[in-house]
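J.:
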Amino acid sequence: TVQDLYDLFRNYCDQPAGGGPYPNNNYGWGRINLWRSLQAVPTSNRPNVVLNRTAVVNDNNGNGQLDPGENAGIVTYVKNTGGVVATNVQGRLRTTSPYITITDSTYTYGTINPGDSANNASDPYDVSVHASTPPGHMADFQLVLTSAETTWVRTFSLQVGIAPGTIIWGPKSLPNFPTSQFIYGVAYDRIGDRIYVLDFYSNQIRYYSSDSFVTYYGAITGPEDSVTDITYSRYDDRLYVCNYPQKLVWKINKSTGAILRQFNNPANDYPVGLAFKAPNTMWYADRRTALGGTQLIYIGDTLGVATQYNSPVQGYYNTRCLAYDSLGNSFVNVQTWFNSGGTALDSVGVVEMSGTPPTLTGKRFLLNPGWNIRGIEFDPRDGNYWITIVQISGSYVNQIVKVRGFYTPLTPVEESEKENVARWKLLKVVPNPAKDALSFHINPDNVKVYTLNIYDISGRLVAQVPFNKGESVIKWNPRKVSLPNGIYFVTLERDDGVLTQKFVLTR
């Protein structure tokens, strides 16, 4: 019947980890795999054990997928679509990937009656992923299923990590940031959980939610216009901003924009990059005004005392904004390579540097050559980067995109070095980690929106939990909305800002 065909296509489609959880509005149930669907066509006179789906469990960072350098378990879900009993089904997992070691490869599924299913959730196949595995590598597996009647070989593939530069969400326009303006640097406030975005044409520093909605929260008035980069100091909860004409760096109050102190920028020709590393290290980047000028990096302190170095990447007007990546203990630098006349964009990307003098680590990625990019910031929660885009194919857009970073956290989301305990107590998840039912404990005073938003580790909204005014304990079961194991974030919008807490779902 038509329904049978629909079920075959839906139940045996491929579901790449990067597109989950499924189903969703972007990828539906997944990508149709005709071969797997044909294998699952029922037979009347013999057993036919097929592989329905797989799941990654017990992985180190809890994101439900394989990542370089971690151990994990693989659960396989099989079904007998034939018309005859499959007796004493034994499973053995194999792989052709040089980066995967299987440390527990066997499982007994037992006898599976026609139409029945089985799985190895009680004893997953154990695998170890080599730390040198290139992110984005597709590891091919073979599940050999043997019964008293016959043998089947079912194949599947799992992606290891996500290739750096892969789009997580966006590009998308920033609310209240008109295309007549000129977007530049971006910084993430770890305590306030928001991003600050610069406008080269004005002294307004706008700030937004850090999720994929980039909700507009407001703006502060900065010291000057013509600002190029901004960086957040988690050491003392302040912002540093640099601009082009005055060649100055200002340390400012993140709530009011008030200048706390200022100093001369050592990058004193065309300063475009600024990145803070706690407690007092600062990198500065100089694009140079003259076409063909040597691109410069300065490494110093937060008073402007620095040593000049030639950037390891040279080109025409190529050096742009900087960010510190705490997972790699390195700095990432936006690159926009122009033609020899300096009139047309040739290519764009991001490179990683570390050490003194600054040296390329070999990690890099290219982005859409039509994107005229500027700002970059590291998200310590998932290892990804926010990147700002001034133009796309020559048209001003002032957009932001989030892309995969160079590193994947191998432990659950990195905690802020300076946790604001008072704010934390206003939003708490109990228990954490949780297996099924959990509760959100909040301070019911000054709540602005009576809905809790739930996001996955890539920033996608996956659930909403409404509650009543005055309610301080909100009970919820994430399994009722089919959330898989992994890392999630819950946000609560209050009059004084948005609170965010991490929680983990496990089995």
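Just so we're aligned, residue 1 is where the sequence shown starts under UniProt numbering, counting upward by one.
Backbone N, C-alpha and C fix where the C-beta goes; we use that ideal spot for every residue, glycine too.
For residue 228, which of 207, 270 and 253 has the nearest alpha-carbon?
T.: It is 270 whose Cα lies nearest to the Cα of residue 228.
J.: When you compare each of 305, 472 and 120 to residue 444 by their alpha carbons, which one comes out closest?
T.: The shortest Cα separation from residue 444 among 305, 472 and 120 belongs to 472.
J.: Under DSSP, the alpha helix (DSSP H) around residue 37 begins and ends at which residues?
T.: Its alpha helix (DSSP H) spans residues 34-39.
J.: On the criterion of 16 or more Cβ atoms from any shown chain inside 10 Å, does residue 206 qualify as buried, or is it exposed?
T.: Its Cβ being crowded by 16 or more others within 10 Å, residue 206 is buried.
J.: Relative to the C-alpha of residue 395, which residue among 381, 204, 372 and 240 is closest?
T.: Comparing Cα positions, the closest option is 372.
J.: Checking 8 Å against the spacing of the C-beta atoms, do residue 201 and residue 277 come in under that value?
T.: The answer is no: Cβ separation not under 8 Å.
J.: Can you tell me which of 84, 405 and 12 puts its alpha carbon nearest to the alpha carbon of residue 329?
T.: The candidate whose alpha carbon is nearest that of residue 329 is 405.
J.: Note down the Cα distance separating residue 347 from residue 321, rounded to an integer number of angstroms.
T.: If you take the alpha carbons of residue 347 and residue 321, they lie about 16 Å apart.
J.: By the DSSP assignment, the beta strand (DSSP E) with residue 28 in it spans what residues?
T.: First-last for residue 28: undefined, no H or E at that position.
J.: With 16 other CB atoms within 10 Å as the buried threshold, where does residue 288 fall?
T.: Residue 288 is buried by the Cβ-count criterion.
J.: Could you compute how far the alpha carbon of residue 500 sits from the alpha carbon of residue 80?
T.: Their backbone Cα atoms lie some 45 Å apart in a straight line.
J.: Apart from the five residues on each side of it in sequence, which residues of its chain come closer than 6 Å, Cβ to Cβ, to residue 204?
T.: Answer for residue 204: 219, listed in chain order.
J.: If you reduce the DSSP assignment to three classes, tell me which class residue 13 lands in.
T.: Residue 13 falls in the coil class under three-state DSSP.
J.: Select from 51, 50 and 70 the residue whose C-alpha is nearest the C-alpha of residue 57.
T.: If we check each option's Cα against that of residue 57, 70 comes out closest.
J.: When DSSP builds the beta bridges, which residues end up paired with residue 402?
T.: Its beta-bridge partners are 169 and 386.
J.: Among the residues of its own chain, which have a CB less than 6 Å from the CB of residue 489, if the five just before and after it don't count?
T.: Counting only Cβ-Cβ distances below 6 Å, and skipping sequence neighbours, we find 455, 500 and 502.
J.: Relative to the alpha-carbon of residue 173, which residue among 78, 103 and 402 has its alpha-carbon at the smallest distance?
T.: The candidate whose alpha carbon is nearest that of residue 173 is 402.
J.: Would residue 382 and residue 326 qualify as a contact pair, given that the criterion is a beta-carbon distance under 8 Å?
T.: Cβ atoms of residue 382 and residue 326: not closer than 8 Å.
J.: Excluding five sequence neighbours on each side, which residues of the same chain lie with their C-beta closer than 8 Å to the C-beta of residue 90?
T.: Counting only Cβ-Cβ distances below 8 Å, and skipping sequence neighbours, we find 106, 107, 108, 109, 145, 146 and 147.
J.: Do residue 221 and residue 257 have their beta-carbon atoms positioned less than 8 Å apart in this structure?
T.: The answer is yes: Cβ separation under 8 Å.
J.: Would you mind reading off the limits of the beta strand (DSSP E) that contains residue 76?
T.: 71-80 is the extent of the beta strand (DSSP E) around residue 76.
J.: Are the beta-carbon atoms of residue 231 and residue 267 separated by less than 8 Å?
T.: Not a contact, by the Cβ cut-off of 8 Å.
J.: Quick check on residue 448: does DSSP put it in helix, strand or coil?
T.: Note: residue 448 maps to coil in three-state DSSP.
J.: Nearest-angstrom Cα distance between residue 197 and residue 98?
T.: About 43 Å.
J.: For a quick check, are the C-beta atoms of residue 139 and residue 160 less than 8 Å apart?
T.: In contact: residue 139 and residue 160 (Cβ atoms closer than 8 Å).
J.: If you draw a straight line from the alpha carbon of residue 132 to that of residue 407, how long is it in whole angstroms?
T.: So the alpha carbons of these two residues sit roughly 12 Å apart.
J.: Going by Cα to Cα distance, which pick from 354, 367, 430 and 248 is closest to residue 336?
T.: Here the closest residue by C-alpha is 367.
J.: With distance defined between alpha-carbon atoms, name the residue in 400, 298, 38 and 378 nearest to residue 388.
T.: The shortest C-alpha separation from residue 388 is found at 400.
J.: Can you give, in chain order, each stretch of the beta strand (DSSP E) that sits fully within the region 70-136 and has at least 3 residues?
T.: Entirely contained in the region 70-136, the beta strand (DSSP E) runs reaching 3 residues are, in chain order, 71-80, 86-95, 100-104, 106-112, 117-119 and 125-129.
J.: Excluding five sequence neighbours on each side, which residues of the same chain lie with their C-beta closer than 6 Å to the C-beta of residue 439?
T.: Excluding positions up to five away in sequence, the list reads 430, 473 and 475.
J.: Does the beta-carbon of residue 384 have 16 or more other beta-carbons within 10 angstroms, so that it is buried, or is it exposed?
T.: Its Cβ being crowded by 16 or more others within 10 Å, residue 384 is buried.
J.: For a test of the three-state rule: what should DSSP assign to residue 312, helix, strand or coil?
T.: Three-state result, residue 312: coil.
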